[in-house]
Structure formats: structure tokens, C-alpha cells
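Visitor: Residue numbers (UniProt numbering): 1 to 86.
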């Protein structure tokens, strides 16, 4: 399910086209351990890299879906900072 967050039909069309020519998908996550020494990762995001664009997919825990935006350097750095801070 895609969440509309300034994600208009043109973005949706570009996203679908880019998905067909995806070069790489990266998952960036922070791993933690519980008191029982279990490894968990509740915080993560994905970068989809196509020939023309990089997309950022972040988890939306409210309705178990993803928010999708064009990836910028500033946005990437903000998402990394969130992982470190949590």
C-alpha cells in the first residue's frame, strides 16, 4: 500500500517505471539486542536505485505500509540520524 504524502500520480508513474529498471535495493537498519540476547531491527529504511532516480521507502508503523519519496542527500542524512538517535 502506498501512502500519499505529496506523492502525486506523476510520481507514482515514475516510481513504477523506475521499479522495472531497478539497479539495486539497499536496506539500512540498526540492529539491537534484547535482554534475551535476541537480535532485533525495528527501525529501517530502503533505498531503491534506478538509472534515473533514487527512492526512499520508510516504514509507516501506523498503518503497516511505506512512505515513498525521492531521495536527496539531506533526507538520507536525516533518516540516518533518526536511526542513530532512537
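Ideal Cβ positions, reconstructed from N, Cα and C, are used throughout, including at glycine.
#1: Considering only the beta carbon of each residue, do residue 55 and residue 32 sit closer than 8 angstroms?
#2: Just mark residue 43 as buried or exposed, buried being the case when its beta carbon has 16 or more other beta carbons within 10 Å.
#3: I need the straight-line Cα distance from residue 35 to residue 52, nearest angstrom please.
#4: Going by DSSP, name the residue or residues bridged to residue 45.
#5: Name the two residues that bound the continuous alpha helix (DSSP H) containing residue 9.
#6: Quick one: Cα of residue 66 to Cα of residue 37, how far?
#7: Near residue 49, which residues of its chain fall below 6 angstroms by C-beta distance, leaving aside the five closest residues on each side in sequence?
#8: Can residue 57 and residue 45 be called in contact, C-beta distance under 8 angstroms?
Guide: On the basis of the data shown:
#1: Counting from one through the chain shown, the residue named residue 55 turns up at place 55. Counting from one through the chain shown, the residue named residue 32 turns up at place 32. No; because the gap between Cβ atoms is not below 8 angstroms, this pair is not in contact.
#2: Here residue 43 refers to the residue found at position 43 when the chain shown is read from its first residue. Buried: at least 16 other Cβ atoms inside 10 Å.
#3: Here residue 35 refers to the residue found at position 35 when the chain shown is read from its first residue. Here residue 52 refers to the residue found at position 52 when the chain shown is read from its first residue. Spanning the two alpha carbons is a distance of roughly 44 angstroms.
#4: Taking the chain shown and counting its residues from 1, the one referred to as residue 45 is at position 45. Per DSSP, 28 and 58.
#5: Residue mapping note: residue 9 aligns to position 9 of the chain shown, counting from 1. Taken as a continuous stretch (DSSP letters only), the alpha helix (DSSP H) holding residue 9 covers 9–20.
#6: As a position in the chain shown, residue 66 is number 66, starting the count at 1. As a position in the chain shown, residue 37 is number 37, starting the count at 1. Their Cα atoms are separated by approximately 29 angstroms.
#7: For the purposes of this step, residue 49 is identified with residue 49 of the chain shown, where counting begins at 1. 23 and 24.
#8: Locating residue 57 in the chain shown gives position 57, where the first residue counts as 1. Locating residue 45 in the chain shown gives position 45, where the first residue counts as 1. Taking the C-beta atoms as reference points, residue 45 is found nearer than 8 angstroms to residue 57.
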